[in-house]
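The structure under discussion appears below in the form of structure tokens.
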Amino acid sequence: MSSIDIEKVKILVVGDSGVGKSSLVHLICHGQPILNTSYTIGASLDVKIHEYKEGTPAQKTCFVEFWDIGGSVNHANSRHIFYTALNGIILVHDLTNRKSHANLGKWLSEILQREQNNGSERHRTSVSEYDPEQFAGHHTPILVVGVKKDQLDTQRQNKLQSSSIAEECGADEINLNCTDAKHLAPGTTNAVKFSRFFDKVISRRCGHSAKDGPRKVIERRYFPRDSMSQATSTQERRRISTSQNMKSLHAD
Ligand SMILES: Nc1nc2c(ncn2[C@@H]2O[C@H](COP(=O)(O)OP(=O)(O)OP(=O)(O)O)[C@@H](O)[C@H]2O)c(=O)[nH]1
Ligand SMILES: [Mg+2]
């Protein structure tokens, strides 16, 4: 079977353990809330088919890969292996947990350090506080997502302030409830914001194609003969082999 020439982009989804990253990714990719969640071991991969610039002459079908990174501190020293060749970042925090928002700076810093060290393990240092200067000149599109909005009372929902890290990075921001499909139904403000973010990620990637190398095509792994596609359940499809490599770490 020949490969099909479809653009793909890689988006990292990061944030503290339990904030709701896997719930968010499932809602984005499948349009419905996930029924059972468990701690993500290593990373999970899910894919959404996205119509880039839908309704315009530039419209084209693209694959958006979501690399959902397990937030457990047990993986802090090894998860950097997933921070390569990324095109966008979604920072996820729990609106009922301020610390999870404060920690987004550390997550961003961890990713930027890895990128700036050009993937070198040798230069990797422990995660430091996010320094806005570190982000200067960085072009990776970022989206800040606050989840568990349903757990705030109406007064707190109405008083939600802009995320400070979103302001510092010039990132868009979305607050929603991942347990309710209505929050991401087609045509809603949230759905439009996500769609614009994906368009931005794809535009940015295409704009840098000369630097990134030849245009990527979707690999065989997305087609039926591939082992991932042969997986029967949604859970199996979501889990990638990298998870297996990190099971021992999680058990520690
Ligand atoms: N009420 C409510 N619960 C949510 C929401 N989003 C996630 N949850 C719940 O939060 C818990 C943790 O969600 P996960 O998606 O597994 O969290 P995670 O960020 O992937 O966690 P790790 O894999 O450990 O990094 C689950 O019980 C979800 O059902 C939301 O918007 N509202
Ligand atoms: Mg998870």
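Taking UniProt numbering, I'd label the letters of the sequence shown as residues 1 to 252. Quick reminder that beta carbons are idealized off the backbone N, C-alpha and C, glycines included.
Exercise. Can you name the start and end residues of the alpha helix (DSSP H) that A191 belongs to?
Worked result: T189 to G207 is the extent of the alpha helix (DSSP H) around A191.
With distances taken from CA atoms, which of N74, V145, V47 and I111 is nearest E65? Considering only alpha carbons, the answer is V47.
> Measuring from the CB of T40, is there a heavy atom of ligand 2 at a distance below 7 angstroms?
Replying inline: Taking 7 angstroms as the cut-off, the C-beta of T40 counts as close to a heavy atom of ligand 2.
Is V145 near ligand 1 - that is, is its Cβ less than 7 angstroms away from at least one heavy atom of it?
Answer for V145: no, Cβ out of range of ligand 1.
Check: Heavy atom of ligand 2 less than 7 angstroms from the Cβ of D68, yes or no?
Finding: Yes, since a heavy atom of ligand 2 falls inside the 7 angstroms radius drawn around the Cβ of D68.
Look at the Cβ atom of G88, then the Cβ atom of T140, and state whether they are nearer than 8 angstroms. When the beta-carbon positions are compared, G88 and T140 come within less than 8 angstroms of each other.
My guess is that G20 and C178 are in contact by the Cβ rule of under 8 angstroms, so how many angstroms apart are they, rounded? The pair is a contact, with the Cβ atoms about 5 angstroms apart (cut-off 8 angstroms).
Checklist line | Test item: CB-CB of N175 and K149 under 8 angstroms | finding: In this structure, K149 lies closer than 8 angstroms to N175 by Cβ.
* Supposed contact pair F197 and D180 - C-beta distance, whole angstroms, cut 8 angstroms -> No, D180 and F197 are not in contact; Cβ-Cβ is about 20 angstroms, not under 8 angstroms.
Checklist entry - If S23 sits next to T37, beta carbons under 8 angstroms apart, how far is it from one beta carbon to the other, in whole angstroms? => result Contact between S23 and T37 is confirmed by a C-beta separation of about 6 angstroms, below the 8 angstroms threshold.
Exercise for review: Please confirm whether L91 and V144 have their CB atoms less than 8 angstroms apart.
Suggested key: In contact: L91 and V144 (Cβ atoms closer than 8 angstroms).
> Rounded to the nearest angstrom, how far is the Cβ of K60 from that of E110, given a contact under 8 angstroms?
Replying inline: The pair is not a contact, with the Cβ atoms about 33 angstroms apart (cut-off 8 angstroms).
Report task. Within 10 angstroms of the Cβ of A85, are there 16 or more other Cβ atoms? Answer buried if so, exposed if not. Result -> Exposed, because fewer than 16 other Cβ atoms sit within 10 Å of the Cβ of A85.
Practice prompt. Can you give me the Cβ contacts of W107 inside the same chain, cut-off strictly under 7 angstroms, excluding the 5 residues immediately before and after it?
Written response: Correct list, in chain order: V14, G15 and L91.
**Message:** DSSP three-state label for C178, please.
**Reply:** C178 falls in the coil class under three-state DSSP.
Any non-hydrogen atom of ligand 4 within 7 angstroms of T188 CB: Among the ligands modelled here, namely ligand 1 and ligand 2, ligand 4 does not occur.
Under 7 angstroms: does the beta carbon of R100 sit that close to some heavy atom of ligand 2? Reading the sequence as shown, one finds Ser at residue 100 and not Arg. Judged by the Cβ position, S100 fails to qualify as a neighbour of ligand 2 at the 7 angstroms threshold, every heavy atom of the ligand being at least this far.
- Message: Considering only DSSP beta bridges, list what V9 is partnered with.
- Response: Beta-bridge partners assigned by DSSP to V9: V64.
*Determine the direct distance from the alpha carbon of A58 to that of N74, and round the result to whole angstroms.*
Straight-line measurement puts the Cα of A58 at about 44 angstroms from the Cα of N74.
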